[in-house]
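Novice:
4 protein chains.
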Amino acid sequence: MARTVDPERHEAQRLRIIDAALTVIASRGYRGATTAAICREAAIGSGTFFHYFPTKVDVLLAILDLGTQEVAQLREHVAELSDPMAAISAIIDQAIVDAGDERIGGFVQAVAAVMREASVAAALQADERAQRELLTEQIARARAAGKVRTDMSVERLTSWVQLVLDGFLERIATEPDFTAEGEGEVLRAIVLDFLTAEQTGR
Amino acid sequence: MARTVDPERHEAQRLRIIDAALTVIASRGYRGATTAAICREAAIGSGTFFHYFPTKVDVLLAILDLGTQEVAQLREHVAELSDPMAAISAIIDQAIVDAGDERIGGFVQAVAAVMREASVAAALQADERAQRELLTEQIARARAAGKVRTDMSVERLTSWVQLVLDGFLERIATEPDFTAEGEGEVLRAIVLDFLTAEQTGR
Amino acid sequence: MARTVDPERHEAQRLRIIDAALTVIASRGYRGATTAAICREAAIGSGTFFHYFPTKVDVLLAILDLGTQEVAQLREHVAELSDPMAAISAIIDQAIVDAGDERIGGFVQAVAAVMREASVAAALQADERAQRELLTEQIARARAAGKVRTDMSVERLTSWVQLVLDGFLERIATEPDFTAEGEGEVLRAIVLDFLTAEQTGR
Amino acid sequence: MARTVDPERHEAQRLRIIDAALTVIASRGYRGATTAAICREAAIGSGTFFHYFPTKVDVLLAILDLGTQEVAQLREHVAELSDPMAAISAIIDQAIVDAGDERIGGFVQAVAAVMREASVAAALQADERAQRELLTEQIARARAAGKVRTDMSVERLTSWVQLVLDGFLERIATEPDFTAEGEGEVLRAIVLDFLTAEQTGR
DNA sequence: CATGAATGAGTCTTCATTCAT
DNA sequence: AATGAATGAAGACTCATTCAT
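Chain order of the listed sequences is U, B, V and H. Residue numbers for the first sequence, in my numbering: 1 to 202. Residue numbers for the second sequence, in my numbering: 1001 to 1202. Residue numbers for the third sequence, in my numbering: 2001 to 2202. Residue numbers for the fourth sequence, in my numbering: 3001 to 3202.
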């Protein structure tokens, strides 16, 4: 009969719903993930869902926010490494691990479809920015250490690394034979080769 | 039994609707592209739309089909080039041109959201397969000519080139400062460097 | 190049459309019989259809009118028979023949669904009235000849005969094993027994 | 995990919707009975309708099912009567009562129009079969007791009785002066006369 | 006369969201 | 807190009918 609001219980329930939403969105897309389906997956009533999230997009935002937080953690972790190339390598490792999670690929594609909603776009930009900062920081550090090419700005280098990392995630989701484990090392090689290339012709 | 029908007119109208649909889908996503919006863009009544396409997905399929056809044309064109590396370069050129069309990026993301529909998935696979064949063919030819690395199968090489090309398309759509014109040459360099790399560590 | 309107050709075309409509309506119901389906069956364009009939209901009305005319013909034919009981028997014969036509059952049911439309209701009443007059006339004649029971009014007797004839048509359409040929004689017996019954108890 | 649901309330609401649907379908036909009209009659929102019935046909099926259940009840009731002829008479009584409900006639005609839909056809057959079993059972019993003619199979006798009962229902709906109360006794007489007739000529 | 492209009002149905219990 | 019944705006699609050729 304890009427005390239990913040832990509340947070746990919130996470369960987020998890259910991630699963459903990943497998059926954002639009296909009806609130009813999410509630079924989370084994709750529809009313409960709206107790925790004022709106359907809000779960999506919560998921994205979680992602941004994870990047922030990675950033802190990586900042402690003395070798910037090792840091970059660690970032690539994380990308490989992420790509290995089946839900992530589906989720990324699903989110792309909702990008138009202002709030989602903002959250995605936050995510993107977090990623960029993580990368830019280390690439800049590596360049300062003379380990990275100088014919392109750090910004452009970052964009190209992101391009490859995102493409990797997408291809994993697209092509069954293309697996995170099998291709991870090639990914590392390409990114590092690119960053350390002597000179781009033309 | 009068022959009132003008097949040309019919085809022209069909293309106009396809074009309107491409515009709307690219900017608002597949779900956001209501048939009403497409009709408004094409300046036709809703009935007319369904006169040309039995279903909303069918326009999407028509667009994808057009894309597949274009790839087929490129394939024929490229087959005539004697230098396989020039062929690959031509394919990259086309990717850069495609990325320059503002609608394409948005469209690609929009389609991803509907991938679950069987018919769309099939059309996408057709597209993907056409792309692969185009690339595989030329990469194999280039390798036979001793111009491409031999430490990975032609299949894997193709996957990686696709990865980069797709990532390029996506990044153009994502990052305003990242333009097809400005980054096209880097794209070419990365792809060619990758294909001609001496050896991958591992 | 004869620009003379050919009334025969016109009427022939009209009848072809009516026939197609009867076929389609009988097998798919009035609502299921889209003008498009009727046009396909008649092998004409939709524009042609509306050349001959201002409205979809009008074909239905034309069909019903044809039916009413047929009843009128039967009426004339039967008026020439000297024996009223033979006349009634001839009417029953016609009912059996009608029931044998597969389209008629389906059509009758289809029409029932549209009864609410004022114009259709009117046409149906015309049909019903024609039927009634045909029957009433002969039953009255037979009663005058002392061959029919006198404990019910001619009107009521007619209603009951219609009830059985309509029920017959419907059951033929409903129950596959219940055929016009197999049950025709029972029909005749029931109707004649009913008309000639000595006395109804109560 | 609170148990907010009140199954009784749910069932009551369901029945209210069914009742509204019966009213509207009977007076406007199945097609004319738009879901909007049914909702207006039931004083509910369109969403509520689809909360209780996944599809428009499903209300129709529910109504038919209710009818089948009523027949089953009648069957049990009638099985307790020791005199088979009294049982048959009770069945006729029920037919007269049914015909007295103004909506039933309209409803029967309305349903005929949708017979093509597989699910509806199945439900109608279930209804028809229930009716037949009810009748066949009692007619067989009466014949075993030597009270019914033997020149036709029980099956055929049943078909004919159904024919007359259905025709009765239909005529009541068609002819304003032909009322269930006024003609009920004639119905009983005709059916019983038919069943007990000495011999059919043929 | 014949055609079929064009039209848009009208249907069914979905789904995020509210609210009384 | 939790529930699920109720809601209605919005969307895809159908089809009778018009009209320029």
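Cβ coordinates follow ideal geometry from the N, Cα and C atoms, glycine included.
#1: Using only the alpha-carbon positions, how far apart do S2046/V and A1033/B sit?
#2: Are the Cβ atoms of A1122/B and P1084/B separated by less than 9 Å?
#3: Only counting runs of 4 or more residues, tell me where the alpha helix (DSSP H) segments fall wholly within the region 27 to 115 of chain U, in order along the chain.
#4: Go to D1127/B, then tell me how far its alpha helix (DSSP H) extends in each direction, as first and last residue.
#5: Who are the near neighbours of S1053/B in its chain, counting only those whose CB is closer than 6 Å to its CB and skipping five residues on each side?
#6: Does any heavy atom of the ligand GDP sit closer than 8 Å to the C-beta of T1136/B?
#7: Is it true that the CB of A86/U sits closer than 9 Å to the CB of H77/U?
#8: Excluding the 5 residues preceding and the 5 following I1063/B in the sequence, name in chain order all residues of the same chain whose CB lies nearer than 8 Å to its CB.
#9: Using a Cβ-Cβ cutoff of 9 Å, what residues of the region 2021 to 2041 of chain V are near chain H? List them in chain order.
#10: Within the 9 Å Cβ cut-off, does G201/U reach chain B?
#11: Alpha carbon to alpha carbon, how far is I88/U from D65/U? Give it in angstroms, no decimals.
#12: To be precise: take each residue of the region 3131 to 3162 of chain H, compare its Cβ to all Cβ atoms of chain V, and keep it if any distance is under 9 Å. Which residues remain?
#13: According to the Cβ coordinates, are V3161/H and I3139/H closer than 9 Å?
#14: Listed from N- to C-terminal order along the chain, which residues in the region 2065 to 2090 of chain V have their beta-carbon within a distance smaller than 7 Å of any beta-carbon of chain H?
#15: I'd like to know whether the C-beta of V3063/H is nearer than 9 Å to at least one C-beta of chain V.
#16: Measuring only the C-alpha atoms, how far is D3093/H from A3079/H?
#17: My assumption, with CB atoms under 8 Å, is that I3190/H sits in contact with F2194/V. Please give the rounded CB distance.
#18: Please confirm whether I3190/H has its beta-carbon closer than 9 Å to some beta-carbon of chain V.
#19: Using only the alpha-carbon positions, how far apart do D2151/V and L2157/V sit?
#20: Count the other CB atoms, across all protein chains shown, that sit within 10 Å of the CB of R3202/H; report buried if there are 16 or more and exposed otherwise.
#21: Does the beta-carbon distance from A2113/V to R3031/H come in below 9 Å?
#22: Determine whether the beta carbon atoms of M115/U and Q1069/B lie at a separation below 9 Å.
#23: Output needed for E2133/V: all residues of its chain with C-beta closer than 6 Å, excluding positions within five of it in sequence on either side, in chain order.
#24: Out of T35/U, E137/U, I38/U, state which residue places its alpha-carbon closest to the alpha-carbon of V71/U.
#25: Return yes when the Cβ of I3096/H is within less than 9 Å of the Cβ of A3180/H, no when it is not.
#26: List the endpoints of the continuous alpha helix (DSSP H) containing D2193/V.
#27: Near G3100/H, which residues of its chain fall below 6 Å by C-beta distance, leaving aside the five closest residues on each side in sequence?
#28: Answer with yes or no whether the minimum CB distance from V1114/B to chain U is below 9 Å.
#29: Residues in the same chain with beta-carbon distance under 7 Å from E3185/H, minus the five sequence neighbours each way, listed in chain order, please.
#30: So, is the C-beta of A1126/B closer than 9 Å to a C-beta in chain U?
#31: Whose CA, out of L1081/B, L1135/B, T1035/B, lies closest to the CA of S1159/B?
#32: Under the three-state reduction of DSSP, which class applies to R1016/B: helix, strand or coil?
#33: Start and end of the alpha helix (DSSP H) containing T174/U?
#34: If we cut at 9 Å on Cβ distances, does T174/U have a partner in chain B?
#35: Per DSSP, what kind of secondary structure is R2009/V in: helix, strand or coil?
Specialist: The answer reads as follows:
#1: Your numbering for residue 2046/V matches position 46 in the third sequence. Your numbering for residue 1033/B matches position 33 in the second sequence. Computed Cα separation, rounded: 31 Å.
#2: Stepping through the second sequence from its first residue, residue 1122/B is reached at position 122. Stepping through the second sequence from its first residue, residue 1084/B is reached at position 84. No; because the gap between Cβ atoms is not below 9 Å, this pair is not in contact.
#3: 35 to 42, 46 to 52, 56 to 79, 84 to 100, 102 to 112
#4: Reading the second sequence from its first residue, position 127 is the one you call residue 1127/B. Segment 1118 to 1144, the alpha helix (DSSP H) holding D1127/B.
#5: By one-based count along the second sequence, residue 1053/B stands at place 53. A small correction: the amino acid at residue 1053/B is Phe; Ser does not occupy that position in the sequence shown. Once the five neighbours on either side are set aside, the close Cβ partners of F1053/B are V1059.
#6: Absence of the ligand GDP from the depicted structure is noted, as is the absence of any ligand whatsoever, leaving it without description.
#7: Residue 77/U sits at position 77 when you count from the first residue of the first sequence. Residue 86/U sits at position 86 when you count from the first residue of the first sequence. No, the Cβ-Cβ distance between H77/U and A86/U is not below 9 Å.
#8: Taking the second sequence and counting its residues from 1, the one referred to as residue 1063/B is at position 63. I1018, A1021, L1022, I1025, F1107, listed in sequence order.
#9: S2027, R2028, G2029, Y2030, R2031, G2032
#10: Within the first sequence, the letter at position 201 stands for residue 201/U. The predicted model places G201/U with a pLDDT of 43, which falls under 50 and marks its position as unreliable, so this point remains unresolved.
#11: Taking the first residue of the first sequence as position 1, residue 65/U is located at position 65. Taking the first residue of the first sequence as position 1, residue 88/U is located at position 88. Going from the Cα of D65/U to the Cα of I88/U covers about 23 Å.
#12: M3152, E3155, R3156, S3159, W3160, Q3162
#13: Here residue 3161/H is taken as the residue at index 161 of the fourth sequence, counted from 1. Here residue 3139/H is taken as the residue at index 139 of the fourth sequence, counted from 1. It is a contact, given that the beta carbons lie within the stated cut-off.
#14: none
#15: Locating residue 3063/H in the fourth sequence gives position 63, where the first residue counts as 1. Reading the sequence as shown, one finds Ile at residue 3063/H and not Val. Not closer than 9 Å to any Cβ of chain V, the Cβ of I3063/H fails to qualify, so no.
#16: Position 93 of the fourth sequence, counted from the first residue, corresponds to residue 3093/H. Position 79 of the fourth sequence, counted from the first residue, corresponds to residue 3079/H. Rounded to whole angstroms, D3093/H to A3079/H spans 15 Å at the Cα level.
#17: If you number the fourth sequence from 1, residue 3190/H lands on position 190. If you number the third sequence from 1, residue 2194/V lands on position 194. Right, their Cβ atoms sit about 6 Å apart.
#18: On the fourth sequence, position 190 is the one that residue 3190/H refers to. Cβ-Cβ to chain V under 9 Å: yes for I3190/H.
#19: Looking up residue 2151/V in the third sequence gives position 151. Looking up residue 2157/V in the third sequence gives position 157. Computed Cα separation, rounded: 10 Å.
#20: Stepping through the fourth sequence from its first residue, residue 3202/H is reached at position 202. Legend: pLDDT at R3202/H = 40, less than 50; position of this residue unreliable, value from coordinates given subsequently. R3202/H is exposed by the Cβ-count criterion.
#21: On the third sequence, residue 2113/V is found 113 positions in, with the first residue counted as 1. On the fourth sequence, residue 3031/H is found 31 positions in, with the first residue counted as 1. Against a cut-off of 9 Å, the Cβ pair of R3031/H and A2113/V comes out as a contact.
#22: Here residue 115/U refers to the residue found at position 115 of the first sequence. Here residue 1069/B refers to the residue found at position 69 of the second sequence. Not closer than 9 Å, so no.
#23: Along the third sequence, read from residue 1 onward, the residue named residue 2133/V stands at position 133. There are no such residues.
#24: To locate residue 71/U, count along the first sequence from 1; it is residue 71. Among T35/U, E137/U, I38/U, the Cα nearest to that of V71/U belongs to E137/U.
#25: Numbered from 1 along the fourth sequence, position 180 holds the residue referred to as residue 3180/H. Numbered from 1 along the fourth sequence, position 96 holds the residue referred to as residue 3096/H. Taking 9 Å as the Cβ cut-off, A3180/H and I3096/H qualify as a contacting pair.
#26: As a working note, residue 2193/V is residue 193 in the third sequence. Residues 2180 to 2196.
#27: Residue 3100/H sits at position 100 when you count from the first residue of the fourth sequence. Around G3100/H: A3180.
#28: Taking the first residue of the second sequence as 1, we reach residue 1114/B at position 114. Yes, V1114/B counts as interfacial toward chain U.
#29: Start at 1 with the first residue of the fourth sequence, and residue 3185/H comes out as number 185. Nothing meets the Cβ criterion.
#30: Taking the first residue of the second sequence as position 1, residue 1126/B is located at position 126. For A1126/B, the answer is no, since every Cβ of chain U falls outside 9 Å of its Cβ.
#31: Here residue 1159/B corresponds to residue number 159 of the second sequence, with the count starting at 1. Of the candidates L1081/B, L1135/B, T1035/B, the one whose C-alpha sits nearest the C-alpha of S1159/B is L1135/B.
#32: For the purposes of this step, residue 1016/B is taken as the residue at position 16 of the second sequence. The answer is helix: DSSP assigns R1016/B an H, G or I state.
#33: The residue given as residue 174/U occupies position 174 in the first sequence. 154 to 174 is the span of the alpha helix (DSSP H), which, as asked, contains T174/U.
#34: For the purposes of this step, residue 174/U is taken as the residue at position 174 of the first sequence. Chain B contact via Cβ: present.
#35: Working through the third sequence from its first residue, we reach residue 2009/V at position 9. Reduced to three states, the DSSP call for R2009/V is helix.
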